[in-house]
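These notes concern the structure reproduced below.
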Amino acid sequence: MQRHFDDLQLGSIELFCLAAEAGSFTGAALAAAVTPAAVSRSVSRMEERLGVRLFARTTRSVKLTDSGRRYYEECRQALAQLVEAQREVMGQQQEPSGTLRISIPTTYAHHRILPLLPAFRARFAQVKVDIHISNRNIDFVGEGYDMAIRVRAIPDSGLIARHLEDAALVTVASPDYLKRAGTPQSLDDLAGHECIQYELPSNGRRITWLFYDGDTPREILADGNFCCSDDVLGGVTLARHGAGLFQTYRFIVEKDLADGNLVEVLKPYGGRSRPFTLLYPQNRHMPLRVRAFIDFLVGQLPQ
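Take this note's numbering: the last position of the sequence shown gets the number 308, and nothing is skipped along the way.
What follows is the structure in structure tokens.
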């Protein structure tokens, strides 16, 4: 293999990443125990060698250029892999350790993942878990996440998608609403009902309701005067208090159905589901904490 970097160049890459994360040469200097001038000279040498400007500089701060942002994302991932490889060779990761950063949608976090985490920590005591609960798509490299769970796989060649489960959908309403508005008996009846909407935070589109009409899959864009965005649980709360019909995941409303707070409707047209997928970067050296969590999760969730 031909040599591409000397020790000085590798050190410059580390200083560059520190400056990008700190947003200043002074912050990078403090983290690396060197002078700000040393960081500035190091970055300038990199820019000269690469032939591009990595930072837009002002008197108070530095900000990555578009080229700098792309270079930072690649360098950060490469340095992380080097660290993991070194730990593996030195035998420092015989047990999973470090901080696991994971992004999870609100409903799946509260009803599926969060209840499992104490058992995971009991098994892997050296792993800390940093949980981002949101329906927003995250930037794995730029924001430093190890993995994310999403309802649909994100088309990205740099990510591995692993299927977790097909979550069953159910259409529900409160007994008070059904007493007042009647119980729908067919899909055509939806047009005469208040159907609580959910809007996707990623694109602002209202999601369709999924049914089977006999053996034929149907998608219906129901209509209503209530619309929730970002948090599906808002729609469940509205339905529980008589606002209308709502289609959601069965695992969210199982207790409400058992207690009689909600009633399933249109059962002959049910049976549809949506897939939940685990996403993580395609790294040659996967940290043991990530591998341990993947194996744990797959073993705990319904298949």
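Each residue gets a CB set at the ideal place from its N, CA and C atoms; glycine is no exception.
Original post:
Taking DSSP as the reference, what is the three-state secondary structure of Leu125?
Top reply: Note that residue 125 is Phe in the sequence shown here, rather than Leu. DSSP, reduced to helix, strand and coil, places Phe125 within a helical segment of the structure shown.
Subject >> Among Ser47, Leu35, Arg255, the one whose alpha carbon lies nearest that of Ala173 >> reply: Closest by alpha carbon: Arg255.
**OP:** Within the same chain, show all residues whose beta-carbon is closer than 8 angstroms to that of Val132, passing over the 5 residues directly before and after it, in chain order.
**Re:** Cβ within range, chain order: Pro101, Ser102, Gly103, Thr104, Leu105, Phe125, Arg126, Arg294, Ala297, Phe298.
**OP:** Using beta-carbon positions only, say whether Arg155 and Leu284 come within less than 8 angstroms of one another.
**Re:** Going by C-beta atoms, Arg155 is nearer than 8 angstroms to Leu284.
**OP:** Compute the beta-carbon to beta-carbon distance between Pro280 and His116, rounded to the nearest angstrom, for a pair I have assumed lies under 8 angstroms.
**Re:** So it is not a contact: roughly 16 angstroms between Cβ atoms.
Original post:
Is there contact here, the segment 252-266 with the segment 52-72, by at least three beta-carbon pairs under 8 angstroms?
Top reply: Not touching, per the Cβ criterion.
Original post:
If Lys24 sits next to Val44, beta carbons under 8 angstroms apart, how far is it from one beta carbon to the other, in whole angstroms?
Top reply: As written in the sequence, residue 24 is Ala, which differs from the Lys given in the question. Under the criterion of beta carbons closer than 8 angstroms, Ala24 and Val44 qualify as touching, at roughly 6 angstroms.
**OP:** Within the segment 193-266, note down every full beta strand (DSSP E) run reaching 3 residues or more, in order along the chain.
**Re:** Within the segment 193-266, the beta strand (DSSP E) runs of at least 3 residues that lie entirely inside it are, in chain order, 202-204, 214-218, 221-225, 232-234, 251-254.
Subject >> Supposed contact pair Pro189 and His198 - C-beta distance, whole angstroms, cut 8 angstroms >> reply: Here His198 really is in contact with Pro189; their C-beta atoms are around 6 angstroms apart, less than 8 angstroms.
Original post:
Cα separation between Ile225 and Thr213?
Top reply: Each residue's Cα considered, the two are about 5 angstroms apart.
Original post:
Terminal residues of the continuous beta strand (DSSP E) containing Gly103?
Top reply: For Gly103, the uninterrupted beta strand (DSSP E) segment begins and ends at 103-109.
Original post:
For Ile107, which option in Leu87, Leu20, Met152 has the closest C-alpha, if you only look at C-alpha atoms?
Top reply: Ranked by how close their Cα comes to the Cα of Ile107, the residues Leu87, Leu20, Met152 have Met152 in first place.
**OP:** For Leu183, collect the residues of the same chain with a Cβ closer than 8 angstroms to its Cβ; drop the 5 residues on either side in sequence, then sort them by chain order.
**Re:** A distance below 8 angstroms between beta-carbons, with the five flanking residues on each side excluded, links Leu183 to the following residues of its chain, in chain order: Val268, Val270.
**OP:** Indicate whether Ala227 and Ser179 have their beta-carbon atoms separated by less than 8 angstroms.
**Re:** Against a cut-off of 8 angstroms, the Cβ pair of Ser179 and Ala227 comes out as no contact.
Original post:
Who are the near neighbours of Gly275 in its chain, counting only those whose CB is closer than 6 angstroms to its CB and skipping five residues on each side?
Top reply: Nothing listed; no residue qualifies.
Original post:
Thinking C-beta only, is Leu238 closer than 8 angstroms to Thr111?
Top reply: Going by C-beta atoms, Thr111 is nearer than 8 angstroms to Leu238.
Original post:
Hey, how far is the Cα of Ala36 from the Cα of Gly265?
Top reply: Whole-angstrom Cα-Cα distance: 57 angstroms.
Original post:
What are the residues that DSSP puts in a beta bridge with Met152?
Top reply: In the DSSP output, where bridge partners are listed per residue, Met152 has Ile107.
Subject >> Opposing strand residues paired with Glu52 [DSSP bridges] >> reply: In the DSSP output, where bridge partners are listed per residue, Glu52 has none listed.
Original post:
Which term fits Val88, buried or exposed, when burial requires 16 or more other beta carbons within 10 angstroms of its beta carbon?
Top reply: Burial call: exposed.
Original post:
Is Ala130 helix, strand or coil by DSSP?
Top reply: Ala130: coil per DSSP, three-state reduction.
Original post:
Taking Cβ to Cβ, would you say Thr253 is nearer than 8 angstroms to Val175?
Top reply: Yes, the Cβ-Cβ distance between Thr253 and Val175 is below 8 angstroms.
Original post:
Buried or exposed: which applies to Met6, given that a residue is buried once 16 or more other Cβ atoms fall within 10 Å of its Cβ?
Top reply: With a pLDDT of only 46 at Met6, under 50, the local geometry of the prediction cannot be trusted, and no value is derived from it.
Original post:
Thinking just about the alpha-carbon of each residue, which of Asp135, Asn142, Leu195, Glu26 is nearest to the one in Gly249?
Top reply: For the residues Asp135, Asn142, Leu195, Glu26, the minimum Cα distance to Gly249 belongs to Leu195.
Original post:
When you compare each of Glu148, Ser47, Val134 to Glu19 by their alpha carbons, which one comes out closest?
Top reply: Here the closest residue by C-alpha is Ser47.
Original post:
Given Cys232, which residues of its chain have a CB within under 6 angstroms of its CB, disregarding the five upstream and five downstream residues?
Top reply: Cβ neighbours of Cys232 beyond the five flanking positions: Gln202, Glu204.
Original post:
With respect to the beta strand (DSSP E) encompassing Ala173, which residues constitute its N-terminal and C-terminal limits?
Top reply: Ala173 -> beta strand (DSSP E) spans 164-178.
Original post:
Quick one, which of Phe301, Gln86, Gly28, Ala83 has its alpha-carbon nearest Ala61's?
Top reply: The shortest Cα separation from Ala61 among Phe301, Gln86, Gly28, Ala83 belongs to Gly28.
Original post:
With 16 other CB atoms within 10 Å as the buried threshold, where does Ala33 fall?
Top reply: With 16 or more other CB atoms across the displayed protein chains lying within 10 angstroms of its CB, Ala33 is buried.
**OP:** Could you say which of Arg81, Arg75, Ala42 lies nearest to Arg58 if we only look at CA atoms?
**Re:** It is Arg75.
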